[in-house]
Amino acid sequence: MTIAPQRAVVASGLTRRFGDVTALDGVDLEIEFGRVIGLLGHNGAGKTTTVNILTTLLLPTDGRAEVCGHDVVREPAKVRESIALAGQQATLDELLTGRENLVLLGCLLGLSRRDAKARAAELLERFGLADAADRVCGGYSGGMRRRLDLAACLLVPRPFVVLDEPTTGLDPASRIEVWAAVRELVDDGTALLLTTQYLEEADRLADRVVVLAGGRVVAEGTPSAMKDRVGGRRVEAILSDAALVDAARDALVAAGLDAAAEHRLCTVSAPAPRGSLDLEAALEALRGADIEPVEAGLRRPTLDDAFLALAGEQVLDEAVAAS
Numbered sequence: 013m014t015i016a017p018q019r020a021v022v023a024s025g026l027t028r029r030f031g032d033v034t035a036l037d038g039v040d041l042e043i044e045f046g047r048v049i050g051l052l053g054h055n056g057a058g059k060t061t062t063v064n065i066l067t068t069l070l071l072p073t074d075g076r077a078e079v080c081g082h083d084v085v086r087e088p089a090k091v092r093e094s095i096a097l098a099g100q101q102a103t104l105d106e107l108l109t110g111r112e113n114l115v116l117l118g119c120l121l122g123l124s125r126r127d128a129k130a131r132a133a134e135l136l137e138r139f140g141l142a143d144a145a146d147r148v149c150g151g152y153s154g155g156m157r158r159r160l161d162l163a164a165c166l167l168v169p170r171p172f173v174v175l176d177e178p179t180t181g182l183d184p185a186s187r188i189e190v191w192a193a194v195r196e197l198v199d200d201g202t203a204l205l206l207t208t209q210y211l212e213e214a215d216r217l218a219d220r221v222v223v224l225a226g227g228r229v230v231a232e233g234t235p236s237a238m239k240d241r242v243g244g245r246r247v248e249a250i251l252s253d254a255a256l257v258d259a260a261r262d263a264l265v266a267a268g269l270d271a272a273a274e275h276r277l278c279t280v281s282a283p284a285p286r287g288s289l290d291l292e293a294a295l296e297a298l299r300g301a302d303i304e305p306v307e308a309g310l311r312r313p314t315l316d317d318a319f320l321a322l323a324g325e326q327v328l329d330e331a332v333a334a335s
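Pasting the structure below:
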């Protein structure tokens with residue numbers, strides 16, 4: 013008797029080298045059914061390489077991975093039967109309508125024409141494309157193409173779904189629709205790997221996040237645990253000019269606050285264990301240095317704070333410089 017695996021993905025020591033460049037360096041990853049794992053990292057951290065290996069688009073140089081009990085190297089066909097993938101680029105036939113694209117793909121995936129039409133109609137409605145269903149895709153906006161590509165990904169239920177930056181280019185309402193569809197999938201027992209540049213998205217959807225930097229896992233845990241590692245509430249002041257950031261940080265440090273500067277965002281911040289007392293002290297210190305913030309207040313750490321701290325600001329600066 014064959015026993016169904018409890019985990020959709022089990023990867024250990026995944027390594028991938030391109031010549032002298034090591035894109036992945038010993039990555040371990042596990043994903044249970046009915047869970048969402050958020051894979052975070054700056055450009056070049058190894059997210060897409062990980063996705064490509066797990067979906068059999070790329071062979072690992074070293075290490076191994078199983079998807080739904082099948083080895084990605086020895087059983088690639090079995091792995092492909094178990095996964096649905098929405099990559100970063102929509103893959104649609106621009107000469108067909110939205111409905112025709114979904115029906116054609118449904119038939120290629122083994123649905124009867126009747127079932128493919130019914131499933132296409134359901135997904136077009138869910139993703140707000142019913143009114144444009146019979147227009148050719150060549151006339152779709154970027155956001156509409158993305159929504160149709162996601163609908164195509166969900167045509168036939170699969171136990172493991174990979175969404176590689178699924179809401180890039182979508183408006184806020186469309187993003188919420190995608191999030192609702194993701195939650196429905198997971199509630200039905202699907203395992204889902206999500207890569208995203210929107211940390212709010214990972215905070216909303218992921219049961220656990222894995223942070224990659226330089227091809228390695230540098231942190232892993234629930235979004236709440238990641239934020240707890242950064243600390244409690246913080247005083248944050250937004251300044252009118254990046255040239256004021258260093259002086260503002262120095263003023264806060266002189267006032268006894270452990271301040272940090274973020275030049276790109278024109279902000280300074282510091283832990284606030286005493287809450288409003290620390291805010292008052294920060295404002296007094298800034299005004300004493302003739303700096304009037306545009307906005308100041310107390311806030312809880314976000315996943316963005318955790319990502320900056322855990323991935324390392326130096327690594328992020330290098331990524332920004334390279335982009």
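Just so we're aligned, residue 13 is where the sequence shown starts under this note's numbering, counting upward by one.
Backbone N, C-alpha and C fix where the C-beta goes; we use that ideal spot for every residue, glycine too.
Note that the structure is a prediction, hence the values are computed from the model and not measured.
Three-state secondary structure (DSSP) of residue i
i, result
"Leu217", "helix"
"Pro169", "coil"
"Gly150", "helix"
"Arg157", "helix"
"Thr61", "helix"
"Leu136", "helix"
"Leu315", "helix"
"Leu97", "strand"
"Ala271", "coil"
"Glu87", "coil"
Whole-Å CB distance - residue i paired with residue j, under 8 Å assumed
i, j, result
"Leu291", "Gly309", "7 Å"
"Pro171", "Ala20", "6 Å"
"Leu224", "Leu51", "7 Å"
"Thr48", "Thr68", "One detail in the question is off: residue 48 reads as Val in this sequence, not Thr. The pair is not a contact, with the Cβ atoms about 21 Å apart (cut-off 8 Å)."
"Val337", "Ala128", "Past the boundaries of the shown model lies residue 337; the chain is included only from 13 to 335, so the question cannot be answered."
"Leu315", "Pro235", "6 Å"
"Leu3", "Phe139", "Beyond the ends of the chain as shown, which are 13 and 335, falls residue 3; an answer cannot be given."
"Leu141", "Leu160", "6 Å"
"Thr207", "Leu251", "Incorrect: roughly 33 Å between the Cβ atoms, too far for contact."
Heavy atom of the ligand ZN within 7 Å of residue i beta-carbon
i, result
"Arg276", "This structure simply doesn't include the ligand ZN, nor any ligand for that matter."
With 16 other Cβ atoms within 10 Å as the buried cut-off, status of residue i
i, result
"Asn113", "buried"
"Leu264", "buried"
"Leu176", "According to the sequence displayed, residue 176 carries Asp and not Leu. By the 10 Å Cβ count, Asp176 comes out buried."
"Leu136", "buried"
"Asp253", "exposed"
"Arg187", "buried"
"Leu120", "exposed"
"Phe319", "buried"
"Glu307", "exposed"
"Glu213", "buried"
"Asp143", "exposed"
"Ala284", "buried"
"Phe45", "buried"
"Gly31", "exposed"
Identity of the residues DSSP links to residue i by a beta bridge
i, result
"His82", "Val79"
"Thr27", "Asp37 and Asp74"
"Asp183", "None, per the DSSP bridge assignment."
"Thr207", "Leu51 and Asp176"
"Thr109", "Val148"
"Arg246", "Pro283 and Arg311"
"Glu42", "Val22"
Quiz prompt | Secondary structure, alpha helix (DSSP H): runs of 4+ residues fully inside the segment 273-306 | solution = 288-300
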